[in-house]
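Since the structure comes first, as structure tokens, the remarks are kept for the end.
In the numbering used here, the protein residues as written are 9 to 422.
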């Protein structure tokens with residue numbers, strides 16, 4: 009009960025020792041109770057590494073985001089004429105409803121990104137913050153062009169809707185990375201509390217800033233830009249601290265390249281630290297070509313001789329890798345799984361390493377294909393085993409193949 013502790017010891021006989029302890033100070037109890045609103049049960053053992061860092065910067069992002077939101081709302085209200093006797097309430101209300109409707113349409117269209125939110129979690133989370141700031145800037149600008157309120161506000165709200173979808177859709181992958189027990193719901197609830205607390209504090213700051221700067225557009229612009237920069241920096245630090253064990257295209261390339269160079273699989277922390285978030289994140293790798301994963305069979309084998317050769321070479325595989333028209337292309341069989349995709353990527357990087365030394369740009373480089381395939385067969389079992397031991401999720405990779413598949417061999421059911 010906070011006043012006595014009982015210790016049970018063994019060692020030849022049972023003994024119980026009662027120790028008097030001082031009651032904790034009320035301030036410490038109040039702090040512990042307050043922290044229960046923000047930290048999952050069992051913290052820190054119940055969450056993964058980086059949780060505290062992520063929570064700190066998420067709180068900061070919501071704080072600055074709340075302040076930015078005040079300026080955008082103020083701009084919208086002034087644009088529709090709130091506070092002016094000449095304003096038409098019905099017209100203003102109608103424009104506001106149309107604006108909200110267009111924003112919902114933006115959410116609906118952006119949901120088509122699908123598994124991209126799981127694969128490129130960091131990039132989409134940061135993009136969501138950037139788009140949110142852009143939309144808030146447009147909303148704030150409506151006060152300068154009230155006659156263009158409807159088109160500008162609709163575009164801004166559509167962008168804000170897309171930002172909301174991106175931010176909400178990446179949370180699941182982020183929260184799962186922190187799970188060390190079956191406590192996804194607890195982590196989600198605590199992070200929502202963190203977000204609400206940061207947003208409320210930021211809103212209070214935004215109100216104070218808007219009242220202090222409303223007489224000067226220059227000061228208002230400076231305050232908005234300062235809060236926006238704070239929001240973007242916090243969002244960047246928020247995602248840089250994440251340690252995701254899922255293998256998207258970039259992390260898979262980094263993992264494979266390190267293994268080819270050192271014959272050792274790097275840790276989850278090491279790869280996440282060096283993962284590109286701002287420097288051309290849309291590229292699979294800065295040192296290898298983008299791979300057409302899920303290519304058409306006719307693009308990989310334009311004639312009967314090429315098709316016959318590839319089917320012989322990959323007769324035991326559920327993928328076909330080829331170098332055709334100066335691009336690496338991978339055809340996936342209809343029953344290909346995550347390990348098949350990962351093995352194809354391993355062979356692709358091995359092929360590229362050899363190609364840079366002896367490859368011919370306008371040739372199909374079949375000799376290199378055969379050598380890289382033989383090498384991938386030898387390395388893949390050990391590579392997957394070491395990756396699993398390091399905590400990488402190789403059983404469900406997120407390489408985002410194009411949806412098309414091809415049936416050949418046993419996949420035809422013959």
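Glycine included, every Cβ here is placed at the ideal spot set by N, Cα and C.
What you are looking at is a predicted structure, and each value in this text was computed from that prediction instead of being measured.
Asked, Found
"The stretch 395–415 / the stretch 364–376 touching (three or more Cβ pairs under 8 Å)", "no"
"CB-CB length for residue 341 against residue 326, believed under 8 Å", "4 Å"
"Length of the line joining the Cα atoms of residue 358 and residue 384", "7 Å"
"Cutoff 8 Å; reference residue 209; Cβ partners in own chain excluding five residues on either side", "71 and 74"
"When 148, 227 and 195 are compared against residue 45, the one with the closest alpha-carbon", "195"
"Residues that residue 108 bridges to, as DSSP identifies them", "Paired residue(s): none; residue 108 is not in a bridge."
"Cβ pair count under 8 Å reaching 3, the stretch 81–88 against the stretch 147–161", "yes"
"Three-state class that DSSP yields for residue 410 in the structure shown", "coil"
"Opposing strand residues paired with residue 187 [DSSP bridges]", "55"
"Residues bridged to residue 330 (per DSSP)", "337"
"Secondary structure of residue 399, DSSP reduced to three states", "coil"
"Distance, residue 241 Cα to residue 134 Cα", "10 Å"
"Separation of residue 413 from residue 336, as counted between CA atoms", "17 Å"
"Residue 254 - partner residues in DSSP beta bridges", "401"
"Residues of its chain near residue 243, where Cβ-Cβ distance is below 6 Å and the 5 sequence neighbours each way are ignored", "69, 134 and 137"
"Pairwise C-alpha distance: residue 403 and residue 347", "7 Å"
"Selection from 54, 61 and 360 that minimises the alpha carbon distance to residue 245", "61"
"Cα-Cα separation between residue 79 and residue 207, rounded to whole angstroms", "14 Å"
"First and last residue of the uninterrupted alpha helix (DSSP H) at residue 206", "192–221"
"DSSP state of residue 47 mapped onto helix, strand, coil", "coil"
"Buried or exposed (CB count within 10 angstroms, at least 16 for buried), residue 147", "buried"
"In DSSP terms, what residue 300 is bridged to", "337"
"Enclosing alpha helix (DSSP H) for residue 317 [first to last residue]", "312–321"
"Residue 2 burial status per 10 Å Cβ neighbour count (16 or more: buried)", "No information on residue 2 is available, as it lies outside the stretch 9 to 422 that the chain covers here."
"Assigned secondary structure, residue 34 (DSSP; H/G/I helix, E/B strand, else coil)", "helix"
"Where residue 405 falls, given that 16 or more other Cβ within 10 Å makes a residue buried", "buried"
"Residue 172: CB within 7 Å of a non-hydrogen atom of the ligand MN", "Summarising the ligand content, the structure contains no ligands, and the ligand MN is consequently not present."
"Cα-Cα separation between residue 93 and residue 110, rounded to whole angstroms", "For residue 93, the pLDDT reaches just 49, beneath the cut-off of 50, and the residue's location in the model is therefore unreliable, leaving the point undetermined."
"Supposed close pair residue 328, residue 300 - CB separation, criterion 8 Å", "Not confirmed; about 12 Å, so no contact."
"For residue 142, the first and last residue of its enclosing alpha helix (DSSP H)", "129–149"
"Proximity test, Cβ basis, 8 Å: residue 400 and chain C", "Of the protein chains in this structure there is only one, and it is not chain C."
"The stretch 123–130 contacting the stretch 252–265, beta-carbon criterion three pairs below 8 Å", "yes"
"Cβ shell of residue 183 (< 8 Å), same chain only, five flanking positions each side left out", "192, 195, 196 and 199"
"Whether residue 170 touches residue 202 by CB criterion (8 Å)", "no"
"Test item: CB-CB of residue 321 and residue 378 under 8 Å", "yes"
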